[in-house]
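Report on the structure given below.
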Amino acid sequence: MIANTVLPPSLIIFIAAGLLFFIPQRWRLVPIVLAPVISLALIWMTPLGDNLKLAYLNYELLPLSVSATSRVFATIFSLMLLFGGIYAYRQASLLELMAAFVYAGSAVGVTCSGDLFSLFVYWELMAIGSTLVIWAAGTEKAYQASMRYLCIHLMGGVILMIGIVAHVFQTGSTQFGAIALDGFASYAILAGFLINAGAPPFSSWIADAYPEASPSGSVFLSAFTTKTAVYTLMIAFAGNDLLIYVGLFMVFYGIIYALLENDMRRILAYSIVNQVGFMVTAIGIGSTLALNGATAHAFAHIIYKALLLMSAGAVLMQTGERRCSHLGGLFQTMPQTAINGIIGALAISSFPFTSGFVTKSLETSAAAYEGLTWVWFLLLAASAGVFLHAGIKFPWFVFFQKDSGKRPDEASGNMRFAMWVFSFLCLAIGLFPSAFYTILPYPVKYEPYTADHLITQFQLLFFAGFAFFALLPLMKRTLTISLDFDWVYRVFAFKLSKAFFHLYWSVDTAMRQAFLKRFYLAKDYLVAHEPSGIISRSRPSSTMVIWVTVLLSVYLIFHFL
Amino acid sequence: MSAHLPILQVILPLLAAPTCLLLGRTQLLWMFTCGVSALCAVISFQLLHTVHTSGDIIYSLGGWSAPVGIEYRIDSLNAFVLLLVTSLSTVVLCAAKQSIAKEVPESRQLYFYVAFLLCLAGLLGILCTGDAFNVFVFLEISSLSTYTLIALGRDRRALWASYQYLIMGTIGATFILIGIGLLYMITGTLNMRDLAQRLPDVEQAHTLYTGFAFFIVGVCLKLALFPLHLWLPNAYAYAPSIVTAFLAATATKVAVYVLIRFIFNVFGFDFSLSQFPLPQIWLALGIIGVFAASIVAMSQHNIKRLFAFSSVAQIGYIIMGLSLGTAAGVQAALLHVFNHALMKGAIFLAIAGLCYRLGAATMNEFKGLGKQMPWTMAAIVAGGLSLIGVPLTVGFISKWYLVLAFIEKGWWMIVPFIVIGSLLAVVYVWRLVECAYFQEADSKREAGEAPLSILLPTWILVFANIYFGVQPQFTVHATSIATLGLFGATP
């Protein structure tokens with residue numbers, strides 16, 4: 004161990020991002036592999052606490068503050084970058100790789116920020132990096148989506164910035180720690196974080212933007228933005244009841260939309276909202292068990308969600324098709340991709356012996372221990388929903404179902420390698436949870452493999468699985484889902500919420516689109532064709548003189564009135 | 123010798139200007155001008171040091187003391203701006219030789235150096251003097267030479283821009299003169315300190331206010347407050363690139379200084395800023411200026427014009443700071459005066475390098491420049507980041523102090539405007555980045571990196587942008603002393 008390591012891991016990743024620009028393509032793998040590995044080593048060699056103090060203005064910057072929680076997040080971000088990079092490096096554009104490195108580096112930076120200044124800088128860098136990742140897909144739709152995405156995140160940044168300034172002004176300290184939820188400043192900061200987490204009323208940006216990225220781009224996107232938001236929420240606002248409600252909303256929002264969706268990557272994007280909802284709820288519960296659960300779940304979620312998106316990305320790469328209704332039967336020629344997709348799907352549905360089972364159960368148990376019965380019940384019900392939309396729907400429609408007649412080749416070697424590693428991690432965490440629990444921020448006294456837990460989970464899964472296949476004909480015909488008449492009261496509730504969500508989603512998208520449109524319109528109106536726009540036009544001197552007169556008269560008139 | 127530093131500061135460039143006529147060769151001219159400017163910078167550094175250690179310097183011209191003679195008065199405020207102007211002019215001049223050789227015909231290069239020195243002398247005179255009428259005289263010196271400098275531009279529209287500026291500048295100067303004349307009429311003195319003492323007792327309040335209004339409007343015209351900015355974009359766009367860099371970094375800053383000086387040390391704080399309508403009007407104009415100018419900047423094709431509009435927006439921030447009428451607000455304004463000079467100096471010098479290679483700076487020329495002129499483009503991007511207010515650049519420091527000043531005053535509602543204003547800057551800077559780094563060059567243009575003589579001064583300023591962003595102690599200290607001086611004088 005190097006005693007005085009003060010090299011921020013994010014810096015290493017930024018340097019690698021710069022290097023990528025100069026290195027010829029065949030050597031690209033070197034920085035792609037080395038940077039995350041060095042960053043991993045640095046994270047674990049850097050001692051806990053504030054390792055780097057810089058004076059800035061009258062404040063102290065702490066760009067390298069490591070806590071037990073931040074270690075877990077920084078670790079998974081580095082791992083994600085490593086295997087995401089390997090997955091991407093052959094087919095992704097240079098811009099995408101560089102942007103992904105900046106994006107991941109700033110995500111790691113957020114987790115190591117001990118003060119609000121550094122946090123904000125990394126936060127904004129992350130917004131820019133991720134926008135470029137989407138943009139690198141190179142299509143017109145991706146460009147539009149990236150601009151809508153940037154809109155939301157710049158707005159979030161403004162709100163966060165205002166909150167931070169106000170907070171620093173009120174408390175005089177820039178320390179990033181627990182923030183009591185009172186007053187304008189704390190609410191602004193909370194709103195800034197929640198926007199990145201994909202919380203209502205701004206959840207739709209995830210499903211709007213992520214599926215437009217390139218196959219590898221969406222793998223990167225799925226990991227960092229929402230999970231850094233989870234991290235910051237956990238540090239600043241753990242135990243706030245408000246987050247329970249927000250989280251539950253996200254959970255069900257994600258499920259319902261994923262069930263209704265036909266685009267395979269959009270299904271997975273909605274399921275991000277759903278999964279982050281679990282974590283936000285756990286943060287709202289705020290006990291050490293719940294926080295451990297949120298951390299562990301974030302860790303496991305990044306792996307299996309990336310795995311799912313890698314598998315979907317491989318399918319997209321090979322077939323060029325995103326719609327579930329046009330896919331099917333791919334198991335025959337892409338068996339490895341299919342197996343990996345299934346492992347990811349099992350993990351996300353918390354199938355026993357996978358990472359989802361040993362991590363998500365920490366959260367549900369935390370709800371039970373805290374006596375929040377209704378939260379516990381809702382989370383459990385949602386778990387069944389997750390199995391329906393992500394656990395079965397995605398692999399079934401893509402790899403099995405009716406044969407679409409497509410016979411694509413298996414994904415390329417680097418993609419398969421990344422997928423196998425992540426599958427391995429899903430299973431390893433699931434099979435040896437006690438080893439994984441040791442890296443969590445708080446000591447864990449939890450045994451996931453009890454007979455009671457196993458039986459409950461299997462019951463839940465089998466029932467949900469049965470429901471899926473029983474209703475399959477119905478789903479095929481309409482390509483959406485409606486439920487059996489046994490569950491009339493649920494159908495009604497379902498329809499109602501569906502209508503609500505639909506309204507809300509369309510209003511939100513329409514609002515952003517309208518904002519952009521107005522903005523451009525106003526700009527064009529004001530400027531039109533340079534130099535003949537209304538205020539950019541070169542004016543005759545007489546106009547200038549008129550303004551001088553106007554201003555002088557205004558001063559005098561106001562004074563003498 | 124050191125007792126005469128205040129007057130040496132002004133007299134040196136003033137005498138150097140006619141001396142230029144004796145030196146025939148441009149090489150010699152350039153070195154001479156650079157030397158004079160550098161000497162002024164050294165003097166101003168010495169002055170700032172003296173002021174900070176042993177208090178204000180009062181220098182009576184020709185030994186005639188104040189009310190009768192003209193006095194020069196150096197305090198922590200003008201010493202700070204003096205240092206800014208002289209050091210920026212020196213850096214800009216270092217880059218001037220090749221750029222001017224390219225953009226101004228051989229026969230006219232002499233005029234450039236003469237006019238430059240006269241302009242510098244005028245600006246330094248405005249800063250040094252403690253006499254209201256003297257301000258007007260030096261203002262005219264600097265303005266007239268500025269018209270010449272702008273007219274040297276090789277675009278024929280430069281003449282027209284210069285002519286328009288001449289008309290507007292003359293109106294502004296006339297207004298200032300009317301203002302000073304009215305003050306003289308009711309007090310019988312032209313010395314600033316004397317004026318400050320006698321003004322509170324004058325009985326003709328209406329005359330005083332009229333004089334005040336004329337003066338303020340005149341100065342606001344010179345500093346290009348929206349909507350009196352109309353002369354500025356064309357003047358900046360068509361002047362030779364070096365002139366643009368010089369004017370953007372210094373001229374409007376000196377006008378801001380005049381505004382602050384008269385508001386605090388002549389009219390008095392209570393009279394000017396604590397009563398309706400001035401602060402409210404300024405705040406409104408500042409915000410509108412930031413938004414309108416930034417939005418216009420977004421769709422400019424001429425890059426010089428783009429950044430000229432951005433200058434108008436930045437003036438908006440400065441005026442917003444002043445409109446607060448608090449020490450924190452004035453400090454934020456002063457910080458932005460300094461920091462904006464650094465940003466725009468860096469950006470316009472980089473554009474000078476660009477014009478040297480490409481002949482013009484329009485959006486089309488920017489395509490593919492990221493690869494062809496990496497250092498020049500990096501300088502523009504760095505300057506742009508600073509303009510946006512990215513942390514670790516000077517832009518962040520001034521935005522931060524401005525936001526804090528507004529929060530301290532309790533004007534929460536204004537804070538989002540400042541932050542959103544920065545986002546608008548993101549848009550127009552991004553357009554450049556997109557063009558330069560993500561688009562391929564149109565033709566088979568072979569553009570190399572800008573010559574080292576331009577690149578080096580550019581990067582000195584870029585470095586200053588980052589240095590004073592990371593280590594803002596000097597600027598923060600100097601501005602806080604200057605602000606203390608202002609508020610100490612008029613409690």
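Protein sequences appear in the order of chains A and B.
For the first sequence, the working numbering assigns the number 4 to the initial residue and increments by one for each residue that follows.
For the second sequence, the working numbering assigns the number 123 to the initial residue and increments by one for each residue that follows.
Even glycine gets a Cβ: it sits at the ideal position worked out from N, Cα and C.
Assign residue i to one of three DSSP states: helix, strand, or coil.
{"i": "residue 195(B)", "result": "strand"}
{"i": "residue 364(A)", "result": "helix"}
{"i": "residue 253(B)", "result": "strand"}
{"i": "residue 180(B)", "result": "strand"}
{"i": "residue 178(A)", "result": "strand"}
{"i": "residue 160(A)", "result": "helix"}
{"i": "residue 323(B)", "result": "helix"}
{"i": "residue 61(A)", "result": "coil"}
{"i": "residue 68(A)", "result": "strand"}
{"i": "residue 455(A)", "result": "helix"}
{"i": "residue 427(B)", "result": "helix"}
{"i": "residue 315(B)", "result": "helix"}
{"i": "residue 310(B)", "result": "coil"}
Mind checking if residue i is an interface residue toward chain A, Cβ cutoff 8 Å exclusive?
{"i": "residue 326(B)", "result": "no"}
{"i": "residue 290(B)", "result": "yes"}
{"i": "residue 610(B)", "result": "no"}
{"i": "residue 379(B)", "result": "no"}
{"i": "residue 589(B)", "result": "no"}
{"i": "residue 594(B)", "result": "yes"}
{"i": "residue 399(B)", "result": "yes"}
{"i": "residue 374(B)", "result": "no"}
{"i": "residue 332(B)", "result": "yes"}
{"i": "residue 542(B)", "result": "yes"}
Counting only beta-carbon atoms, is residue i nearer than 8 Å to chain B?
{"i": "residue 133(A)", "result": "no"}
{"i": "residue 483(A)", "result": "Caution applies to residue 483(A), whose pLDDT of 46 falls short of 50 and renders its modelled position unreliable; the value that the coordinates give is listed next. No, its Cβ sits nowhere closer than 8 Å to a Cβ of chain B."}
{"i": "residue 515(A)", "result": "no"}
{"i": "residue 13(A)", "result": "no"}
{"i": "residue 546(A)", "result": "yes"}
{"i": "residue 136(A)", "result": "no"}
{"i": "residue 126(A)", "result": "no"}
{"i": "residue 172(A)", "result": "yes"}
{"i": "residue 557(A)", "result": "yes"}
{"i": "residue 562(A)", "result": "yes"}
{"i": "residue 120(A)", "result": "yes"}
Rank the options by C-alpha distance to the C-alpha of residue i and give the top, closest one.
{"i": "residue 400(A)", "options": "278(A), 203(A) and 267(A)", "result": "267(A)"}
{"i": "residue 276(A)", "options": "385(A), 54(A) and 61(A)", "result": "385(A)"}
{"i": "residue 425(A)", "options": "41(A), 89(A) and 53(A)", "result": "89(A)"}
{"i": "residue 300(B)", "options": "338(B), 324(B) and 285(B)", "result": "338(B)"}
{"i": "residue 140(B)", "options": "175(B), 222(B) and 232(B)", "result": "232(B)"}
{"i": "residue 510(A)", "options": "205(A), 285(A), 436(A) and 375(A)", "result": "205(A)"}
{"i": "residue 215(B)", "options": "599(B), 415(B), 603(B) and 576(B)", "result": "576(B)"}
{"i": "residue 263(A)", "options": "459(A), 32(A), 454(A) and 388(A)", "result": "388(A)"}
{"i": "residue 600(B)", "options": "150(B), 136(B) and 198(B)", "result": "198(B)"}
Quick one: does residue i have its CB under 8 Å from some CB of chain E?
{"i": "residue 310(A)", "result": "Here chain E cannot be found, since the structure's protein chains are A and B."}
Mind the definition here: the region 573-587 of chain B touches the region 467-478 of chain B only if three or more C-beta pairs lie below 8 Å; say whether that holds. yes
Would you be able to state if there are at least three C-beta pairs under 8 Å between the region 342-361 of chain A and the region 419-436 of chain A? yes
Does the pairing of the region 547-559 of chain A with the region 350-368 of chain B give three or more beta-carbon distances under 8 Å? yes
Given 8 Å as the limit, is there contact between the region 62-71 of chain A and the region 92-104 of chain A, that is, 3 or more CB pairs closer than that? No, they do not touch.
May I ask you to verify whether the region 368-384 of chain B touches the region 491-511 of chain B, counting CB pairs closer than 8 Å and requiring at least 3? No contact exists between the region 368-384 of chain B and the region 491-511 of chain B.
For the region 336-367 of chain B, list every residue whose C-beta sits within 8 Å of some C-beta in chain A, in sequence order. 336, 338, 339, 342, 343, 349, 350, 352, 353, 355 and 356
Selection of the region 85-110 of chain A by Cβ proximity to chain B, strictly under 9 Å: 98
Against chain A: residues of the region 509-533 of chain B by CB proximity under 9 Å: If the cut-off is 9 Å between Cβ atoms, the region 509-533 of chain B has 512, 513, 514, 519, 522, 523, 525, 526, 529 and 530 near chain A.
Stretch-stretch touch, CB-based, cutoff 8 Å, three pairs: the region 13-23 of chain A with the region 105-114 of chain A: yes
Between the region 237-245 of chain B and the region 255-273 of chain B, are three or more C-beta pairs nearer than 8 Å? yes
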